[in-house]
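Structure record follows, encoded as structure tokens.
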Amino acid sequence: LQFRFPQGFWWGSATSATQIEGAAREGGKGLNIWDYWYEQEPHRFFDGVGPDVTSDFYHRYKEDIQLMKDLGHNSFRFSISWSRLIPDGIGEANVEAVRFYDNVINELLVAGIEPFVNLYHFDMPLTLQKMGGWENREVVEAYVRYATICFERFGDRVKKWFTHNEPIVPVEGGYLYDFHYPNVVDFRRAVQVAYHTVVAHAKAIAVFRRMNIRDGKIGIILNLTPSYPRSQHPADVKAAHIADLFFNRSFLDPAVKGEYPSDLIALLKEYGYLPIFEKGDLQIIKENTVDILGINYYQPRRVKAKEHLPNPYAPFMPEWFFDYYAMPGRKMNSYRGWEIYEKGIYDILMNIKEHYGNIECFISENGMGVEGEERFRDDEGIVHDDYRIEFIREHLKWVHRAIEEGVNVKGYHLWTFMDNWSWTNAYKNRYGLVHVDLNTGDRTVKKSGYWFKSVAQQNGF
Ligand code: BGP
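Reading the sequence shown from the start, the letters are residues 11 to 471 in the UniProt record's numbering.
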């Protein structure tokens, strides 16, 4: 083996409840914002496909977990659907949901697959969104109660917990750029949402610590998109720095260091956008930092200094401080329209080592979405996704190098196990190691699935 990984390295994949479970109106589940938005505006969803059925994991979890085992997984991340567990967001736990997640967890453990459980993956219960979602402080308390119920019910078997997946995304999607419900554009509300998400996260960790879950660790999963300046000109460097503050450090610093970057606070203050906060919040954030950090990486952010002053009458946006640019000659995933820059994964990891105390971390998502992947299927239905194998391999080489240079990185989870439903893109971009036939629900392992299995089993390649 040319690239050997440390013993006990976590090999697996990641997913989320709304994207795989289906059964959106079964088993006593309440509606969440995705069920609702689809009902209201189905035209927003690619091919008119909503979250009601998706990959039907709710009914097929047994065969799926068996397949994970066959493909060499020793760990798997999924999320609990808040609106399945607590249909109205605040009331009693739904027994059918408890049974379902119990079954999934037990099935994983029997298969020798460690469950990594995430509490919140973009799926606000509708009743709570109607109260203002993350803008409302009461929702913070409802989340803490939900987290407590999860720790109580499943903490005897689940030892790896995560408070949120990519918490910046609902801020961007729901409050700045119109791709999640409630699709408003309002920087002030965006800041409040981001801030309350952090408070909820820290309070959930406080509960977790008090419960003293044996061998339990708790963390957060962040999409740390490195910001690269166009040049070393100070104006470009500053632009990249501000983008980094808004999109990465707004969550990374409070989660790992227990405090917000002072220059982010200064900037928000200068423009009059500090969130409403309560006395004691900052202390709670300070005292409740994470044990472990999950890192999602897909593509870099390339920025340059603004060429024109922002229109002072236009709504305040992060883009007041930088412009995007497309680096000439960059490598693209032409099937998804995203840049591929493998070294980015190494840069993130080195940054965590150098500036964040080399905290225990793992790659919690990385993967390649491909539009129109059906065309790469052979007569037996196997997708020949050599591009995905190359994508994973090239990223893993950089992860390996980071390990050699002392980064405390414990695993690699691919996005994702089987093709799943993605937010408004539905099944447009396929990411799985396993192909899902949308008519029959049949699962067929792709070429990358067999390759991933050999990597996991040999602990390297
Ligand atoms: C991440 C999310 C996932 C997943 C993935 C792929 O941001 O955590 O939920 O969807 O991106 O992105 P997309 O499906 O939009 O191509």
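Every residue, glycine too, gets a C-beta built ideally from N, C-alpha and C. All of these numbers come straight from a predicted model, not from anything done at the bench.
In the DSSP assignment, Ala-412 falls within the unbroken alpha helix (DSSP H) covering 396-414.
Spatial neighbours of Gly-391 in its own chain (CB-CB distance under 6 Å, excluding positions within 5 residues in sequence) are listed in chain order as Thr-454.
Excluding its 5 nearest sequence neighbours in each direction, Arg-312 has C-beta neighbours in its own chain below 6 Å: Tyr-238, Tyr-335, Met-337, listed in chain order.
It is roughly 35 Å from the alpha-carbon of Tyr-191 to the alpha-carbon of Glu-400. DSSP links Tyr-68 through a beta bridge to no other residue. Between Thr-207 and Asp-133, the C-beta gap is not smaller than 8 Å, which leaves the two residues out of contact. Counting along the chain, Leu-284 sits inside no beta strand (DSSP E), nor does DSSP assign it H or E at all. For Leu-303, the uninterrupted beta strand (DSSP E) run begins and ends at 302-306, by DSSP. Residue pairing for Lys-314: DSSP places it in a beta bridge opposite Asp-333. Between Trp-408 and Tyr-356, the CB-CB gap stays under 8 Å. In terms of Cα proximity to Arg-411, the closest of Ser-93, Phe-427, Leu-359, Leu-232 is Leu-359. Relative to ligand 1, the nearest heavy atom lies less than 7 Å away from the CB of Gly-379.
Look at the beta carbons and you see the region 365-374 not touching the region 324-331: under three pairs across the two are nearer than 8 Å. Restricting attention to Ala-315, Met-378, Ala-212, Asn-233, the CA atom closest to the CA of Tyr-270 is found in Ala-212. DSSP places Pro-125 within a strand segment (E or B) once states are collapsed to three. Residue environment for His-83: buried (at least 16 other C-beta atoms within 10 angstroms of its C-beta). Checking the DSSP bridge columns, you'll see Cys-371 partnered with Leu-303, Val-419. For the pair Tyr-422 and Gly-354, the CB atoms are not nearer than the 8 Å cut-off.
Ligand 1 approaches Glu-176 closely enough that one of its heavy atoms is under 7 Å from the residue's Cβ. Under the criterion of beta carbons closer than 8 Å, Tyr-68 and Gly-40 do not qualify as touching, at roughly 15 Å.
Note: Asn-42 is bridge-paired with Pro-135 in the DSSP secondary-structure output.
With a threshold of 16 other beta carbon atoms within 10 Å, Ala-245 falls short and is exposed. In this chain, the beta strand (DSSP E) harbouring Ala-24 covers 20-24.
A distance criterion of 7 Å places the beta-carbon of Trp-433 in contact range of ligand 1, judged by its closest non-hydrogen atom. With a cut-off of 7 Å, the C-beta of Tyr-187 is classified as distant from ligand 1, since no heavy atom of the ligand falls inside that distance. Assignment of Leu-319 by DSSP, reduced to helix, strand and coil, places it in the coil class. With fewer than three CB-CB distances shorter than 8 Å, the region 113-121 does not count as touching the region 149-161. The beta-carbon distance between Glu-349 and Pro-310, rounded to whole angstroms, is 6 Å. This is short enough to meet the 8 Å contact definition. Between the region 117-127 and the region 68-79 there are three or more inter-stretch CB-CB distances shorter than 8 Å, so the stretches are counted as touching. Per DSSP, the unbroken beta strand (DSSP E) holding Lys-170 starts and ends at 170-175. Take Thr-64, set aside five residues on each side of it, and the residues of its chain with a beta-carbon closer than 7 Å to its own are Gln-29, Ile-30, Glu-31, Gly-32, Asn-430, Trp-431, in chain order. Using a cutoff of 7 Å, the CB of Glu-375 counts as near ligand 1, since one of the ligand's heavy atoms is closer than that. C-alpha of Glu-384 to C-alpha of Gly-459: approximately 16 Å in a straight line. For the pair Phe-386 and Leu-424, the CB atoms are not nearer than the 8 Å cut-off. Asp-396 sits close to Lys-457, with the two beta carbons spaced by under 8 Å. For Glu-162, the closest of Asn-193, Asn-146, Ile-223 by C-alpha to C-alpha distance is Ile-223.
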